[in-house]
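In what follows, a structure is listed as structure tokens, so that the remarks can point back to it.
Residue numbers (UniProt numbering): 1 to 460.
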């Protein structure tokens, strides 16, 4: 028997991810993003379970619960809350909710609650008192995966900003699934570190994690790199070689800068993902591979699809779940948290004991735009630690471009497209079309500037 589930969640991406996870486990899932839409869906179908957020834009989960118990008494109700309000949960269960689950949670935890729901009769009002959700042996594995992501063992810093909290929640949620994940964000934001975190949260965490820089592989040898080759298959193939797919078998393959793959290589990658089989260069034997794909890019792949540079079918195959990794500008509250982390790393690496930043450096850091994001911050911290003679990093050892930011407003926000083209034209005029100097003036990388020139059809 196929059970029908309705998810009411105003975070559309989160709701979609939960729906995909449950559909793969043979549930029939419908999603709504508002309470009103949820009520309309309830009228259309006989749902076995309603999973609703406690806080909705047009109503709340408690009101929806009361509506369901009055109108659809055979539908089990599970509440999701990011507020962990025990009193509210108690009230909800008294009013007939079957259970509640506190965000952030993993899809597998929700699955356990759903499975338990079908083992119990549908509760009526005042019939049930709340009991803590029981977690079977799987919890031990979850705790082990969480332990792998503490700061002493990885480069993953969770952050305290709202942007970081939402981003980290998505990583934990999608990690235990087998969905293909597309990580999008600016250069230097830590996409590989995020991919490693997803792998560590997954059931493949004790299996290989293979990272591949797609931009560094010449298209002529990409087939050999991805799928391997047999001895004698081409000049220089003196031995058999395993490709990245075979090396990542039962684990995770991370494709960094996937947008740089040639069209021919995209076709080969798509075929491997669809068939779950590869054929080494020069071999007639197909090899079955079980690989989870996480990919990353700092360009707009939807635009690349529109321009015919990236296959639409491959894009949808890679983009089962997309995650935007925030730039350092988007999570400025985390700046000194990352600074402290990189400072500790640099001290260990260089055998130094620098304690922190001077007040002048703190001011400069706050006012700098950080176009290179975390990579730039890490490099500046390490260089500064090496040059610092005392306990605090002085202004004199900080790169000139960071010092110049002190006392000046940050670069205008590039999210306002109406101003963006004019900003670029002004910078080019001021630098007499010197792209390197213009990029520096705009506090962006040369690659980003080239992409913007192409986007706005600016010819030099």
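A virtual CB, placed ideally from N, CA and C, is assigned to each residue, including glycine.
Bear in mind the structure is a predicted one, so any value in this text is a computation, not a measurement.
Assigned with DSSP and collapsed to three states, residue 323 falls in strand. Between the region 328-348 and the region 279-290 there are fewer than three inter-stretch CB-CB distances shorter than 8 Å, so the stretches are not counted as touching. Counting only runs of 4 or more residues that sit fully inside the region 248-333, the alpha helix (DSSP H) segments are 263-275, 301-306 and 312-318, in chain order. In terms of CA proximity to residue 107, 179 leads the group 54, 74, 179 and 65. The beta carbons of residue 431 and residue 371 sit no closer together than 8 Å. Counting only the Cα atoms, residue 20 lies some 23 Å from residue 98. If you draw a 10 Å sphere on the C-beta of residue 436, you find fewer than 16 other C-beta atoms in it, and that means exposed. A Cβ-Cβ separation of about 19 Å leaves residue 92 out of contact with residue 112 under the 8 Å criterion. In the structure shown, residue 17 adopts helical secondary structure according to DSSP, grouped into three states. With contacts defined by Cβ atoms closer than 8 Å, residue 36 and residue 7 do not form a contacting pair.
DSSP places residue 211 inside the beta strand (DSSP E), whose first and last residues are 209-213. Listed in chain order, the alpha helix (DSSP H) elements of length 4 or more contained wholly in the UniProt domain "Response regulatory" (4-118) are 12-23, 35-44, 61-71, 86-94 and 107-117. The beta carbon of residue 387 sits closer than 6 Å to the beta carbons of 397 from its chain, once the five residues preceding and following it are set aside; these are given in chain order. Membership of residue 183 in any alpha helix (DSSP H) is not indicated; the residue belongs instead to the beta strand (DSSP E) covering 181-184. According to the DSSP secondary-structure assignment, residue 357 is paired through a beta bridge with 393. By the neighbour-count criterion, in which a residue is buried when 16 or more other Cβ atoms sit within 10 angstroms of its Cβ, residue 298 is buried.
Comparing alpha carbon positions, the residue from 53, 162, 105 and 32 closest to residue 329 is 162. DSSP places residue 347 inside the alpha helix (DSSP H), whose first and last residues are 335-350. Cα atoms of residue 258 and residue 24: separation of roughly 26 Å, rounded to the nearest angstrom. When DSSP reads this structure, residue 241 sits in a beta bridge with 229.
If you draw a straight line from the Cα of residue 348 to the Cα of residue 57, it comes to about 48 Å. Apart from the 5 residues on each side of it in sequence, residue 170 sits with its Cβ closer than 6 Å to the Cβ of 323 in its chain, given in chain order. Around the beta carbon of residue 315, 16 or more other beta carbons sit within 10 angstroms, so the residue counts as buried.
The distance from the Cβ of residue 198 to that of residue 212 is about 16 Å, inconsistent with a contact at the 8 Å cut-off. C-alpha of residue 271 to C-alpha of residue 277: approximately 8 Å in a straight line. Residue 204 carries a coil assignment under DSSP once its states are collapsed to helix, strand and coil.
Listed in chain order, the non-local C-beta contacts of residue 66 below 7 Å within the same chain comprise 95, local neighbours out to five positions each way being set aside. With respect to the C-alpha of residue 14, the residue from 189, 381, 351 and 321 having the closest C-alpha is 321. The DSSP-derived three-state label of residue 198 is helix. A check of alpha carbon separations from residue 39 across 175, 72 and 22 identifies 72 as the nearest. For residue 167, the uninterrupted alpha helix (DSSP H) segment begins and ends at 162-174. Rounded to the nearest whole angstrom, the CA to CA distance from residue 438 to residue 426 is 9 Å.
Excluding five sequence positions before and after residue 255, the CB atoms of its chain that fall closer than 6 Å to its own CB belong to 212, 214 and 295, given in chain order. A check of alpha carbon separations from residue 281 across 311, 319, 293 and 236 identifies 236 as the nearest. Across the structure, residue 176 and residue 228 are spaced so that their CA atoms are roughly 29 Å apart.
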